[in-house]
Every structure is written in C-alpha cells, then in structure tokens.
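> Quick one: the structure is below, and I'll ask about it shortly.
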Ligand SMILES: Nc1ncnc2c1ncn2[C@@H]1O[C@H](COP(=O)(O)OP(=O)(O)O)[C@@H](O)[C@H]1O
Ligand SMILES: [Mg+2]
C-alpha cells in the first residue's frame, strides 16, 4: 500500500499536509499522534470514506484515488475497524457477517454463512454466532467487527483506535486477535495508543502531528529513542499524563518520564 503526497482539507482547514507512506505486504504500521493530528482522516482517505484534496493512494498496484475507480472494488480489498464497532443491533452476529458478503460480494447464503463461521472461529467467538450485539461485551463486539471485515477477504486491514472505547480488562482479547492477524501476515495500518502492542507487533511506528508525519521508523527507534522533541513530548504525555502536566507548568521539560518504569 502506498500513499503519495496526500493532502486533505475541510474548508480552510488543511488536515493532511502532504503524507507519504509505504506499507509493504505483510507489514504492520502503527500510527500514533495527538488528537486532531489527522490520523483518522488518513485512514478514511485510504479507504475512500473521504476524498483526498490532492495526492494518490495505491493498494496492491491499483490507484484507488483514480477518479474512474470502482469504489466498491476498492472497499472489498480494504477492511476497516472503527473505535465504535458499528454492528447492526437488530441483526445477529452471523447476520452482521453475512450481510456485507452477500450485498457487496454477491455470495450466496450458504457460502456467506460458512465464511462467517470460519471467521468467528478465528476471533474466538464461534459460540456467539446466534447472539445479538447487545448481549456481547465491547471486546466481543469489536472482535465481531474484526471478523466481519475479515469475512470480506481484505488485502489490507485498517484499524482506527480499535481498543480505545473498551474497558481496560477487555482490551487484551482484541489486541490478541490483531496480533494473530499480524502473525498470519496481514498488512495492517493501526492507529493506536497501545504502546506495548506497537512496540511488540509493529514493524514501523509513524508519529503524526498537525497533518504531517514527523517521524517514522522501527518501534525501538520512534518509541524508545525518538529523534524529535514533538514525539518525545507526545510520548511522555501518553505514558505519564501527570508528569506531562508538570512539564507543561515548567514549559516542556523534554523526555522526562519517558524512560521511567513503563518498560521502554
Ligand atoms: N468531516 C469533517 N469535517 C470537518 N472537519 C473534520 C472532519 N473530519 C475531521 N475534521 C477535522 O480534521 C482534523 C483532524 O481530525 P482527525 O483526522 O479525526 O484527527 P485524529 O484522528 O488524529 O484525532 C480535526 O481538526 C477535525 O476537526
Ligand atoms: Mg481519530
């Protein structure tokens, strides 16, 4: 997957200001950065939920930003998982998985049901096939949302803060599924602030601020030894918000707190 010179404005607000990013097949890239820095907009441009103002996006050699592109064909190749799971409440878990397969891929009922069952198995929820979303925990609902995306057979999976709406004790099961996908060789772009996941699973970490990529590299570099002050400041806030407040009072004291007891 490749992003070239991507710009996106909403009115006068230029939210993405020239993003260049290449993600190789099977690569896992975690995107971190402060709220409002453009992370969600970047994912949404890749998936054509937003139309870029300028620039190009390629997935598997196809330019998805080509005006003549078949949007449905593009979306088939890219799975997206949101912070809010966006399951249909009036449909069972299985129906949530079969509906898009039938509508978008034209699969018959039996085939869609088989693929649904396989993917529920993959995320550890085979026994919830007939349940309704409201009877599931947030973590289970998110795993259903992941299974729904996988059932479409995507080449690339995009995750937008998939665990940030979850109670802390439910985060681990979702991350475990994402870890499994990474191990299976799925190409993944993950906006997350789960730094343990980023450190252990990501091939590369990208730090975004104010619509640009400030730095990118292996986790050991970007997380443990960032080159830029903005990255250091962001990470220190993330790892120790109380410390960040003290820093703010003192006028930003750099990487204090970063190498504390968080195992970095
Ligand atoms: N549909 C939209 N219309 C107008 N402004 C938007 C829209 N989506 C996002 N923005 C603005 O774009 C900026 C970046 O938002 P976003 O990509 O959601 O950042 P992040 O995901 O990093 O928090 C914010 O200032 C936000 O208000
Ligand atoms: Mg966001």
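Numbering (my numbering), first residue to last: 60 to 323. Glycine included, every Cβ here is placed at the ideal spot set by N, Cα and C.
Please output, in chain order, the residues near ligand 1 using a CB cut-off of less than 5 Å to any non-hydrogen atom of the ligand.
Cβ-based neighbours of ligand 1 within the cut-off: 69, 74, 94, 95, 96, 97, 98, 99 and 100.
> Does DSSP classify residue 203 as helix, strand or coil?
Here residue 203 refers to the residue found at position 144 when the chain shown is read from its first residue. Helix.
> So for residue 228, helix, strand or coil by DSSP?
Translated into the one-based positions of the chain shown, residue 228 becomes position 169. Residue state for residue 228 is assigned as helix, using DSSP reduced to three classes.
> If the criterion is Cβ atoms closer than 8 Å, does the pair residue 188 and residue 179 meet it?
For the purposes of this step, residue 188 is taken as residue 129 along the chain shown, with counting starting at 1. For the purposes of this step, residue 179 is taken as residue 120 along the chain shown, with counting starting at 1. Yes.
> Could you pull out every residue in the same chain whose Cβ sits closer than 7 Å to the Cβ of residue 279, ignoring the five residues on either side in sequence?
For the purposes of this step, residue 279 is taken as residue 220 along the chain shown, with counting starting at 1. Closer than 7 Å at the Cβ level, and outside the excluded window around residue 279, lies no residue.
> Look at residue 285 and residue 294 and say whether their C-beta atoms are less than 8 Å apart.
On the chain shown, residue 285 is found 226 positions in, with the first residue counted as 1. On the chain shown, residue 294 is found 235 positions in, with the first residue counted as 1. The answer is yes: Cβ separation under 8 Å.
> Once you ignore the five residues that flank residue 308 on each side, which residues in its own chain have a CB closer than 8 Å to its CB?
Against the chain shown, residue 308 aligns to sequence position 249. Summary for residue 308: the model assigns pLDDT 45, below 50, so the residue's position carries little reliability, and this model does not support an answer.
> Cβ of residue 232 within 8 Å of Cβ of residue 198?
For the purposes of this step, residue 232 is identified with residue 173 of the chain shown, where counting begins at 1. For the purposes of this step, residue 198 is identified with residue 139 of the chain shown, where counting begins at 1. In contact: residue 232 and residue 198 (Cβ atoms closer than 8 Å).
> From the DSSP output, in three-state form, read off residue 61 for me.
As a working note, residue 61 is residue 2 in the chain shown. Three-state result, residue 61: strand.
> Sorry if obvious, but does the Cβ on residue 219 come closer than 7 Å to a heavy atom of ligand 2?
Here residue 219 corresponds to residue number 160 of the chain shown, with the count starting at 1. Under cutoff, so the answer is yes.
> Could you tell me which of 261, 194 and 152 sits nearest to residue 174, measuring between CA atoms?
On the chain shown, residue 174 is found 115 positions in, with the first residue counted as 1. For the residues 261, 194 and 152, the minimum Cα distance to residue 174 belongs to 152.
> Using 8 Å as the threshold, is the segment 247-257 in touch with the segment 75-95, meaning 3 or more CB pairs across them?
yes
> Count Cβ pairs between the segment 267-277 and the segment 71-79 that sit closer than 8 Å; are there 3 or more?
Yes, the segment 267-277 is in contact with the segment 71-79.
> Could you check how far apart the C-beta atoms of residue 68 and residue 112 are, in whole angstroms? I think they sit under 8 Å.
For the purposes of this step, residue 68 is identified with residue 9 of the chain shown, where counting begins at 1. For the purposes of this step, residue 112 is identified with residue 53 of the chain shown, where counting begins at 1. Confirmed, about 5 Å.
> Tell me the start and end of each unbroken beta strand (DSSP E) in the segment 123-206 that is at least 3 residues and wholly inside, in chain order.
137-140
> So, helix, strand or coil for residue 295, using DSSP?
Taking the first residue of the chain shown as position 1, residue 295 is located at position 236. DSSP, read as helix, strand or coil, puts residue 295 in helix.
> Going by DSSP, name the residue or residues bridged to residue 66.
Locating residue 66 in the chain shown gives position 7, where the first residue counts as 1. Answer is 76 and 113.
> Quick one: grab the DSSP three-state call for residue 311.
Position 252 of the chain shown, counted from the start, is the residue given in the question as residue 311. In this prediction, residue 311 has a pLDDT of 42, which is less than 50 and means its spatial position is unreliable; what the coordinates show is noted afterwards. Reduced to three states, the DSSP call for residue 311 is coil.
> What are the boundary residues of the alpha helix (DSSP H) that residue 279 is part of?
As a working note, residue 279 is residue 220 in the chain shown. 278-281 is the span of the alpha helix (DSSP H), which, as asked, contains residue 279.
> Pull up the distance between the alpha-carbon of residue 159 and that of residue 118, whole angstroms please.
Here residue 159 refers to the residue found at position 100 when the chain shown is read from its first residue. Here residue 118 refers to the residue found at position 59 when the chain shown is read from its first residue. Between the alpha carbons of residue 159 and residue 118 lies a gap of roughly 21 Å.
> So, helix, strand or coil for residue 41, using DSSP?
Missing from the structure shown is residue 41; the chain here goes from 60 to 323 and no further.
> Determine the burial state of residue 143: buried for a count of at least 16 other Cβ atoms within 10 Å of its Cβ, exposed for fewer.
For the purposes of this step, residue 143 is identified with residue 84 of the chain shown, where counting begins at 1. Its Cβ having fewer than 16 others within 10 Å, residue 143 is exposed.
> Report yes if the C-beta of residue 250 is less than 7 Å from at least one heavy atom of ligand 2; otherwise report no.
As a first step, residue 250 is located in the chain shown; it is residue number 191 there, counting from the start. True, at least one ligand heavy atom lies under 7 Å from that Cβ.
> Measuring CB to CB, does residue 66 end up less than 8 Å from residue 114?
Within the chain shown, residue 66 is the residue found at index 7, counting from 1. Within the chain shown, residue 114 is the residue found at index 55, counting from 1. Yes. Within cutoff.
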